[in-house]
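Colleague: My questions all concern the structure below.
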Amino acid sequence: MALLCPPLWAQSLAPATSSGQGLTVTRPQAIDLTADDEPIITVDLTHKAADLWDRIRRGFAMPDLDTDEVAAQQIRYLSHPAALRNLFERSYRYLYHIVDALERRGLPTELALLPMVESGFDPMALSRSQAAGLWQFIPSTGRYFNLQQNEWVDERRDIVASTEAALDYLERIYDMHGDWHLALASYNWGEGAVARARKKNEAAGLPTEFAYLKLPDETRRYVPKLQALKNIIARPELFNIELPHVPNRLYFESVESPPGIDLAMAASFAQMPLAELIALNPAFRRPVIPEGRQRLNLPADRVAAFEAKLAGASPRWQTYRPAASEKLESIAGKFGLTVTELLQVNGLTSPYNLKPGTVLLVPAGADVQSVMPLTNLIPDLPSAKEIRMQPPRKKTTRSKKKRRR
3 MALLCPPLWA
13 QSLAPATSSG
23 QGLTVTRPQA
33 IDLTADDEPI
43 ITVDLTHKAA
53 DLWDRIRRGF
63 AMPDLDTDEV
73 AAQQIRYLSH
83 PAALRNLFER
93 SYRYLYHIVD
103 ALERRGLPTE
113 LALLPMVESG
123 FDPMALSRSQ
133 AAGLWQFIPS
143 TGRYFNLQQN
153 EWVDERRDIV
163 ASTEAALDYL
173 ERIYDMHGDW
183 HLALASYNWG
193 EGAVARARKK
203 NEAAGLPTEF
213 AYLKLPDETR
223 RYVPKLQALK
233 NIIARPELFN
243 IELPHVPNRL
253 YFESVESPPG
263 IDLAMAASFA
273 QMPLAELIAL
283 NPAFRRPVIP
293 EGRQRLNLPA
303 DRVAAFEAKL
313 AGASPRWQTY
323 RPAASEKLES
333 IAGKFGLTVT
343 ELLQVNGLTS
353 PYNLKPGTVL
363 LVPAGADVQS
373 VMPLTNLIPD
383 LPSAKEIRMQ
393 PPRKKTTRSK
403 KKRRR
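Rendered as structure tokens:
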């Protein structure tokens with residue numbers, strides 16, 4: 003991830019260890035991949051890739067890492083075939099876009115597998131270190147790479163923006179070290195930490211390659227995890243695994259959508275499930291598209307239907323700035339909402355934490371109930387159970403009683 007924090011792929015391969023390192027396997031045994039009777043794999047680049055996995059294999063360009071840790075990580079993945087398949091299946095929405103972005107830059111396609119290690123291809127993933135999204139950017143690194151983080155959006159979860167930022171970062175740290183294994187270690191641990199580890203080895207007359215550096219346990223396992231996945235995808239038949247079919251074609255397209263259109267309305271226009279729309283647009287932190295024209299990702303085969311219905315649509319939401327003395331109850335009643343609904347839509351957990359100058363989101367003829375399911379899909383929106391309607395308790399100080407002697 004973008005600086006050290008435990009990866010989240012292991013959460014999908016339960017049970018995970020308490021240290022956040024994922025699963026363990028008793029007495030792992032390495033699989034011999036170099037038997038004399040194994041055929042040499044060749045790739046015919048004159049033919050179009052059969053599917054996206056085939057296209058990814060054709061772009062493999064990193065030197066292979068062959069260590070005991072790679073064998074151990076390989077066993078960990080293979081010991082949970084159902085969870086591994088789920089990991090592959092979750093990637094199908096995003097892989098084409100990532101592979102396309104890598105090929106445009108001339109980067110190794112192994113990097114398309116990195117979100118499997120980082121987040122399990124869950125764009126809503128959030129680590130203990132507050133790293134978010136497919137590529138697990140922590141807030142400060144996200145800001146450095148111009149990923150917006152405000153009350154409306156968190157672009158660390160945006161598929162397009164975070165992918166471009168991650169590839170910018172990976173290119174930069176590769177240029178710094180001239181070695182992909184060291185670049186990946188830097189992505190996880192930080193480029194400065196890896197540079198210091200290399201200098202320490204150099205001063206001691208030791209090799210400065212990845213395998214020889216003193217690294218944190220998480221970083222030491224990080225690159226072998228990617229290599230293990232690469233090995234499995236390169237030769238799935240060797241491990242008796244059938245990869246889920248991922249067509250080698252565009253999965254989603256980006257369209258412009260005007261403000262005031264809520265996500266439930268957009269899903270209806272595109273004739274798609276609300277959960278699928280959120281999976282393609284996980285950066286939104288509110289149920290309504292904010293001010294200014296925004297990029298909306300839709301399945302490629304749903305764009306025409308969406309744009310046809312959008313042409314005659316009008317905004318269903320508006321902003322409202324409460325007066326200084328105005329109560330939340332009266333605002334909710336004015337727009338036909340309950341207080342709980344008003345709080346949920348605005349990402350608030352209590353009517354008592356409304357700050358002066360807060361601009362509220364209120365309906366302009368919207369069907370409020372149509373957006374309520376979004377509270378279960380967008381992690382920044384509180385559920386009804388999380389709304390606290392009671393005022394916070396005032397802290398009381400106990401007076402010290404003087405003892406009579």
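Under the numbering used here, the residue at position 207 of the sequence shown is numbered 209, and the numbers go up by one with no gaps.
Think of the CB as a built atom: it goes at the ideal place given N, C-alpha and C, for glycine as much as any other residue.
Since this is a predicted model, take the numbers as computed values, not measurements.
#1: How would you call Tyr96, buried or exposed, if buried means at least 16 neighbouring beta carbons within 10 angstroms?
#2: Taking contact to mean at least 3 C-beta pairs separated by less than 8 angstroms, is the segment 250 to 261 in contact with the segment 332 to 339?
#3: Rounded to the nearest angstrom, what separates Ala307 and Ala51 at their Cα positions?
#4: Apart from the five residues just before and just after Leu282, which ones in its own chain have a Cβ nearer than 8 angstroms to its Cβ?
#5: Taking DSSP as the reference, what is the three-state secondary structure of Arg297?
#6: Three or more beta-carbon pairs under 8 angstroms between the segment 262 to 273 and the segment 124 to 141, yes or no?
#7: Buried or exposed: where does Ala230 fall if 16 or more other Cβ atoms within 10 Å of its Cβ makes it buried?
#8: Note down, one range per segment and in chain order, each beta strand (DSSP E) of at least 3 residues found wholly within the segment 186 to 274.
#9: The beta strand (DSSP E) spanning Trp319 covers which residue range?
#10: Is it buried or exposed for Ser259, if we count other Cβ within 10 angstroms and need 16 for buried?
#11: Closer than 6 angstroms by C-beta to Thr28: which residues in its own chain qualify, once you throw out the five before and the five after it? Chain order, please.
#12: Would you call Lys227 buried or exposed, if buried means 16 or more other Cβ atoms sit within 10 Å of its Cβ?
#13: Tell me whether Asp181 is buried or exposed, calling it buried when 16 or more other Cβ atoms sit within 10 Å of its Cβ.
#14: Closer than 6 angstroms by C-beta to Gln296: which residues in its own chain qualify, once you throw out the five before and the five after it? Chain order, please.
#15: Taking the alpha helix (DSSP H) that Val347 belongs to, which residues open and close that run?
#16: Go ahead and label Ser14 buried or exposed: buried means 16 or more other beta carbons lie within 10 angstroms of its beta carbon, across all protein chains shown.
#17: When you compare each of Pro317, Arg390 and Pro381 to Leu363 by their alpha carbons, which one comes out closest?
Modeller: Result, derived from the coordinates:
#1: buried
#2: no
#3: 30 angstroms
#4: Closer than 8 angstroms at the Cβ level, and outside the excluded window around Leu282, lie Arg95, Ile161, Phe254, Asn299, Leu300 and Pro301.
#5: strand
#6: no
#7: buried
#8: Within the segment 186 to 274, the complete beta strand (DSSP E) runs of at least 3 residues are 254 to 259.
#9: Trp319 to Tyr322
#10: Ser259 should be labelled buried.
#11: Bear in mind that a pLDDT of 36 at Thr28, under 50, signals an unreliable position, so the model cannot answer this.
#12: buried
#13: buried
#14: Ser259
#15: Val341 to Val347
#16: Bear in mind that the predicted position of Ser14 carries a pLDDT of just 44, short of 50, making it too unreliable to give a figure here.
#17: Pro317
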